[in-house]
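Participant:
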Amino acid sequence: MAHSLVSAVPSPAVRICCDLPGFLADWRRCDQFSNYLAESLSLAKADPFAFASMLSTIINEVLETIFCHNAGQDALTLQVFEDAEAATILRAEFAVDEQARAMYERIVATLAGQDPVQVYEQLLFQLSGPDAREISLFEIAADYGARLAIEGGSRPGLMCLVVRVGLNDWLNHRTRE
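Quick note on the numbering used here: the sequence shown kicks off at 6 and runs consecutively.
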């Protein structure tokens, strides 16, 4: 069982809950949700445009993966918040079947045990590899240092994908280079 990426979950800065079949009815909702959440959280940042751009990319990749690998029922709940160390945390709870759950568990285990950059580069150059939406989770781990975990959902059949990324540190590091 995966461990949590946060010891105490603070109240989310932003929370969106929608009907999963409704979300799945239109691919554009991935971009709309991503942009809305990222813009909402970037207002108080030193560089709101850069923060929103990176966070929107990360959220969009997670949403596109969920769009392609879910059980097609129930609701999708997204929460975004910052923890005490100023890491940005995305929690996405949604219904999965056993095949999708196994895929997410495999990705999380692979990222926990191997260098994300190496894994991502290997996947990019394979002639036949994972689904494009599956590789997106490896991409955000490699490019942004995101850490992923799986937590139990609030009810049976639901899973919570947690993505933790130190965007503030990442931005500060990039501006010093």
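Virtual Cβ for every residue (Gly too), placed ideally from N, Cα, C.
Because the structure is a prediction, the values reported are computed rather than measured.
Could you check whether the region 115–126 touches the region 53–67, counting it as contact only if at least three pairs of C-beta atoms, one from each stretch, sit closer than 8 Å?
Facilitator: Result no; under three Cβ-Cβ pairs closer than 8 Å.
Participant: For E90, which residues from the same chain have a beta carbon less than 8 Å from its beta carbon, with the 5 sequence-adjacent residues on both sides left out?
Facilitator: Position 85 of the sequence shown holds residue 90. Hits under 8 Å: G171.
Participant: Nearest to L25 by alpha carbon, out of A92, S58, V113, N75?
Facilitator: Your numbering for residue 25 matches position 20 in the sequence shown. If we check each option's Cα against that of L25, N75 comes out closest.
Participant: Going by DSSP, which residues form a beta bridge with R152?
Facilitator: Locating residue 152 in the sequence shown gives position 147, counting from the first residue. R169.
Participant: How would you call E103, buried or exposed, if buried means at least 16 neighbouring beta carbons within 10 angstroms?
Facilitator: Along the sequence shown, read from residue 1 onward, the residue named residue 103 stands at position 98. Exposed, by the Cβ-count rule.
Participant: Our contact map puts L42 next to L83 with C-beta atoms below 8 Å; I'd like the distance itself, whole angstroms only.
Facilitator: By one-based count along the sequence shown, residue 42 stands at place 37. By one-based count along the sequence shown, residue 83 stands at place 78. So it is a contact: roughly 7 Å between Cβ atoms.
Participant: Within 10 angstroms of its Cβ, does S47 collect 16 or more other Cβ (buried), or is it exposed?
Facilitator: The sequence position of residue 47 within the sequence shown is 42, counting from 1. It is buried - the Cβ of S47 has at least 16 other Cβ atoms within 10 Å.
Participant: In this structure, does DSSP put L157 in helix, strand or coil?
Facilitator: Residue mapping note: residue 157 aligns to position 152 of the sequence shown, counting from 1. One detail in the question is off: residue 157 reads as Gly in this sequence, not Leu. Three-state DSSP puts G157 in a strand.
Participant: At what residues does the alpha helix (DSSP H) containing V67 begin and finish?
Facilitator: As a working mapping, residue 67 is identified with position 62 in the sequence shown. Start and end: 53–73.
Participant: Sorted by chain position, which residues of the same chain lie with C-beta nearer than 7 Å to S39's C-beta, five sequence neighbours on each side aside?
Facilitator: Walking along the sequence shown from the start, residue 39 turns up at place 34. Correct list, in chain order: S61, I64, N65, L68.
Participant: Please report how far the alpha carbon of A57 lies from the alpha carbon of T93, in whole angstroms.
Facilitator: Counting from 1 along the sequence shown, the entry for residue 57 is found at position 52. Counting from 1 along the sequence shown, the entry for residue 93 is found at position 88. Spanning the two alpha carbons is a distance of roughly 12 Å.
Participant: With DSSP as the reference, identify every bridge partner of T93, one or two as the case may be.
Facilitator: Locating residue 93 in the sequence shown gives position 88, counting from the first residue. Partner(s): E87, V170.
Participant: Could you spell out where the alpha helix (DSSP H) holding V113 opens and where it closes?
Facilitator: Here residue 113 refers to the residue found at position 108 of the sequence shown. Counting along the chain, the alpha helix (DSSP H) containing V113 begins and ends at 103–118.
Participant: Distance, Cα to Cα, F28 vs C22?
Facilitator: As a first step, residue 28 is located in the sequence shown; it is residue number 23 there, counting from the start. As a first step, residue 22 is located in the sequence shown; it is residue number 17 there, counting from the start. Cα to Cα, the separation comes out at about 10 Å.
Participant: For A72, is the classification buried or exposed, using 16 other Cβ atoms within 10 angstroms of its Cβ as the cut-off for buried?
Facilitator: Here residue 72 corresponds to residue number 67 of the sequence shown, with the count starting at 1. The question names Ala, but residue 72 in the sequence shown is Phe. With 16 or more Cβ atoms within 10 Å of its Cβ, F72 is classed as buried.
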